[in-house]
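S.K.: Those letters in the sequence shown? Residues -19 to 693, by our numbering. Glycine included, C-beta positions come from ideal geometry on N, C-alpha and C. Quantities reported herein were computed from a predicted structural model and do not represent experimental measurements.
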Amino acid sequence: MKLAARRKKRKTVASALVRKLRTRKQTAAGRRLLLKRGKSARARWKKQSVGKLNKRKRIRRLKRSRIRKGLPLVNKLSVPVWDHPLVSIIIPVYNKWDFTYPCLVSIVENTRGIPYEIIVVDDISDDSTARIGQFVKHVTVIRNKVKRGFLHNCNRGAEISRGKYVLFLNNDTKVTPGWLEHLLSLPEKDPTIGIVGSKLIYPDGRLQEAGGIVFNNGYARNYGRLDNPNKHEYNYVKEVDYISGASLMIRKDLWNRMGGFDVLFAPAYSEDVDIAFQARQLGYKVVLQPKSVVVHYEGVSHGTDLNSGVKKYQVINQQKFREKWAGVLERDHLADGEHTFWARERSKDKKTILVIDYGVPSFDQDAGSRTTFMYLKLLVDMGLNVKFIPDNFTKLEPYGSELEQLGVEIIYGTQDRRYYEYWIVKHKDYIDYVLLNRPGISHKYIDLIKALTRAKILYYGHDLHYVRELKRFGLDQNRGLLQESEYIRRLEFDLFSKADTILTCSDSEKRIIDGNFPNKSTLLLPAYYFDQTIPKTKSWDERTGLLFVGGFKHSPNADGILWFCRDILPIVQRSIPDIQLFIVGSNPTQEVQGLQSDRITVKGFVSDQELKELYGNTKIAVIPLRYGAGVKGKTIEAMCHQTPLVTTSTGIEGLQNIRQSIEPKNTPQEFAEEIIQLYHNNSLLEHKAEQSKQYVETYYSRTRALECINLAL
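(1) Contact defined as beta carbons within less than 8 Å: I believe F680 pairs with Y439. What is the distance between those atoms, to the nearest angstrom?
(2) Can you tell me which of D170, L358, A306 and T517 puts its alpha carbon nearest to the alpha carbon of R684?
(3) Which residue spans inside the region 294 to 344 form an unbroken alpha helix (DSSP H) run of at least 4?
(4) From the DSSP output, in three-state form, read off C688 for me.
(5) Assign E310 to one of two classes, buried (16 or more other C-beta atoms within 10 Å of its C-beta) or exposed (fewer than that).
(6) Less than 7 Å between C-beta atoms, sequence neighbours within five positions excluded: which residues of the same chain meet that for G363?
(7) Can you tell me whether I181 is helix, strand or coil according to DSSP?
(8) At the level of alpha carbons, what is the spacing between I390 and Q636?
(9) State the DSSP-derived secondary structure class of N236, mapped to helix, strand or coil.
(10) Buried or exposed: N458, going by 16 or more other Cβ atoms within 10 Å of its Cβ?
(11) Apart from the five residues on each side of it in sequence, which residues of its chain come closer than 8 Å, Cβ to Cβ, to L598?
(12) Candidates C485, K169, D409 and H445: which alpha carbon is nearest I429's?
(13) Are the beta-carbon atoms belonging to L415 and S422 less than 7 Å from one another?
(14) Straight-line CA distance for V529 to L386?
(15) Determine the contact status of L471 and A609, defining contact as a CB-CB distance below 7 Å.
(16) Any idea if Q269 is buried or exposed, counting beta-carbon neighbours within 10 angstroms, 16 or more meaning buried?
(17) Rounded to a whole number of angstroms, what is the C-alpha to C-alpha distance between T120 and V101?
(18) Reducing DSSP to helix, strand and coil, say where H132 ends up.
(19) Which runs of the alpha helix (DSSP H) spanning at least 4 residues fall entirely within the region 495 to 549, listed in chain order?
(20) Using only the alpha-carbon positions, how far apart do H407 and V266 sit?
(21) Which of the three DSSP states is assigned to E219 in this structure?
(22) In whole angstroms, what separates the C-alpha of K533 from that of S641?
(23) Give the straight-line distance between the Cα atoms of T153 and L163, rounded to the nearest whole angstrom.
(24) Which of the three DSSP states, helix, strand or coil, is assigned to A110?
(25) Should T627 and P644 be called a contact, given that it needs their Cβ atoms to be closer than 7 Å?
(26) Please state the DSSP three-state secondary structure of A256.
(27) Compare the C-beta of T351 against all C-beta atoms of chain B and say whether one is closer than 7 Å.
(28) My output table needs one value for F353: the three-state DSSP class, helix, strand or coil.
(29) Beta strand (DSSP E) containing D102: first to last residue?
(30) My understanding is that R237 touches L262, with C-beta atoms under 8 Å, so please give their C-beta distance in whole angstroms.
(31) Considering only the beta carbon of each residue, do I493 and T481 sit closer than 7 Å?
(32) Which residues mark the beginning and the end of the beta strand (DSSP E) in which S68 is found?
(33) Just to confirm before moving on: does the CB-CB distance between T513 and V676 stay below 7 Å?
(34) Hey, would you say L376 sits closer than 7 Å to V405, going by beta carbons?
(35) Looking only at its chain, what residues have a beta carbon closer than 7 Å to the beta carbon of N133, apart from the 5 residues adjacent to it on each side?
(36) What are the boundary residues of the alpha helix (DSSP H) that E694 is part of?
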């Protein structure tokens, strides 16, 4: 036994020694391999380095060669060719090729889908600009025989332009993506806009100008100079006194009518301010488009010394401008440095209304937001100066930009939750009206507004929230809902007592308010308004299925569709087995998503265009609401699309004289029987559609909405 143990021990030691030697060999081999690889890598690196070095030498030799020949150090650029350009971009230049070429590159790279031409007017440059045709293809070049100056160069370029619009662009600029599309969007939609310009920023990202202000002494100022260009006050469309000639677009017919830049201001300076005044004199607007952003290397073209060169004409021409427009300056313009709130947007003669809601209205997500958006647009169309405070101080996109493009200034972009107080205090003397929305938001603002301003306060609750919770209690018998209802009632009644005018969209709720506040001015406001009803595009035989529309953050909608699918749809399916139901609305709950089947399609959120198509493709809209308050946007929307509807009493609550057109069905059996009766009866469907059309034209027209707002103001 002892011998066997000794043999086993010797064998184990030997095995360990073999493993150790084997490891050492492997390690040494590994080291040799790594060393070999390292040498190979170093060799490759050396080869690459020599290659790079040789390449750099070749580039340097090429540069020196081109410099000796006076050639620019650039690649050849090709500008798109269009037979019928919409925009003629005119770039007056004198030397500074190192700025002109990047400007041209930025135009080509950042202008898509718009027919344009580029006209470069060269004021006998003596640098590489003189050979621009060798390095840029398809650019029209005018080369002067004698030096003519900036203004004459602009006029000369415009003479040969072919576009509907003439766009003057400094050569010391770089345009950014979308710059031209955004510029065009405004005058193409509004024929009263004669001149439109870009927001200018410095290369370091600071703001150079968001429109120009001219005071009554004739001095011009760049609004927002050296500030943060992302601030809300620089990012909404607005009328301005003038647009800088660094990026200025004008209608060609208006340009011809005025005869171009006034040669009184040759060779340069004040010609851009003067032409803005001329355009206004002819009845056109001069507008800033902040979504068109252009980087401007200010001072490159003419320098910065006011006592020498072309720059000295800045002072000389200011005096000429004051003399030419003395009467207009005295009548229409404000004192230097005063009332910037008005001066920046030419709103001295406008009334200002401040609108407050919980957030930027996401108008395709819920009915309340659609109402807020519609009335913001209407207020702008009425000529009011509209400011909007979202209670969350967030510019929700894309909806925020949509409002800003209408001309609404949105107060956003601060982390300070009390910023609204600062803003209201700062501008209290300029606010004429305040429109508060919803009780949960309005109670935060109403006392401050009453204490600080002389503004007339309008309150629009969208519906009586306490009534909605009371009805919900009737279904659920939850005592907490009763307490919530009483709390909201006190909140709403406090707002009614403090507001100057109460707006409500519901005829029945107006009666409740009148009963409790008989001495208050309470007006019936259409929840929606339409310029016209939407025509039918398909016959009834081509249409199929049922449609439910409603945002599911709003609990009555989820309750209603679940009740419909549980208690009503099975009855309908016994008579119409293949009937389809489409459920549309943002933020569907898990229970709603669980309704998906081969006969039920839960589509969730859809675009406005998709919704329009769904209304046009389905036979009947269903509104099976069991509780709620106020007027239901989905009801009016369905009637506007001339889609017959079947609804409960809650679905048509608050609509004036609605029972002359629609008889509500409140039990599952009644609701189902109405659908079955309508579904295959084309003449009855047509009759219902015609009734809906007449009702909308009577009670929900734009004219009726305007009448109500005018009464409120």
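M.R.: Let's see:
(1) A small fix is needed here, since residue 680 is Tyr in this sequence, not Phe. Cβ-Cβ separation between Y680 and Y439: approximately 21 Å, too far for a contact (criterion under 8 Å).
(2) The closest CA to that of R684, considering only D170, L358, A306 and T517, is found on L358.
(3) Secondary structure within the region 294 to 344: the alpha helix (DSSP H) runs of 4 or more consecutive residues, fully enclosed, are 306 to 312 and 320 to 323 (chain order).
(4) When DSSP states are grouped into helix, strand and coil, C688 belongs to the helix group.
(5) Classified as exposed, E310 has fewer than 16 neighbouring CB atoms from the shown chains inside 10 Å of its CB.
(6) K330.
(7) In the three-state DSSP reduction, I181 falls in the strand class (E or B).
(8) Distance from the CA atom of I390 to the CA atom of Q636, rounded to whole angstroms, is 34 Å.
(9) DSSP places N236 in helix when its eight states are reduced to three.
(10) Only exposed fits N458, as fewer than 16 other CB atoms lie within 10 angstroms of its CB.
(11) Residue 598 is actually Thr in this sequence, not Leu. Excluding sequence neighbours, T598 sits near R523, T524, G525, L526, L527, F562 and T623.
(12) Comparing Cα positions, the closest option is D409.
(13) 7 Å or more divides the Cβ of L415 from the Cβ of S422.
(14) Their Cα atoms are separated by approximately 27 Å.
(15) Pairing L471 with A609 gives a Cβ-Cβ distance that is not under 7 Å.
(16) Residue environment: Q269 is assigned as buried (16 or more neighbouring CB atoms within 10 Å of its CB, all protein chains considered).
(17) Answer to the nearest angstrom: the Cα atoms are 8 Å apart.
(18) If DSSP states are grouped into helix, strand and coil, H132 belongs with the helices.
(19) You should have 535 to 543.
(20) Approximately 25 Å between the Cα atoms of the pair.
(21) DSSP, reduced to helix, strand and coil, places E219 within a strand of the structure shown.
(22) One alpha carbon belongs to K533, the other to S641, and they sit about 30 Å apart.
(23) In this structure, the CA atom of T153 is about 16 Å from the CA atom of L163.
(24) Assignment of A110 by DSSP, reduced to helix, strand and coil, places it in the helix class.
(25) Taking 7 Å as the Cβ cut-off, T627 and P644 qualify as a contacting pair.
(26) In the three-state DSSP reduction, A256 falls in the helix class (H, G or I).
(27) No chain B is part of this structure, which consists of one protein chain only.
(28) DSSP places F353 in helix when its eight states are reduced to three.
(29) Start and end: Y96 to D102.
(30) Indeed, because the Cβ distance is near 7 Å, the residues count as touching under 8 Å.
(31) For the pair I493 and T481, the CB atoms are not nearer than the 7 Å cut-off.
(32) V67 to V73 is the span of the beta strand (DSSP E), which, as asked, contains S68.
(33) Yes, Cβ-Cβ distance for T513 and V676 is below 7 Å.
(34) It is not a contact, given that the beta carbons lie outside the stated cut-off.
(35) Here the set comprises P72, V101 and D103.
(36) This structure gives no information on residue 694, because the portion of the chain shown stretches from -19 to 693.
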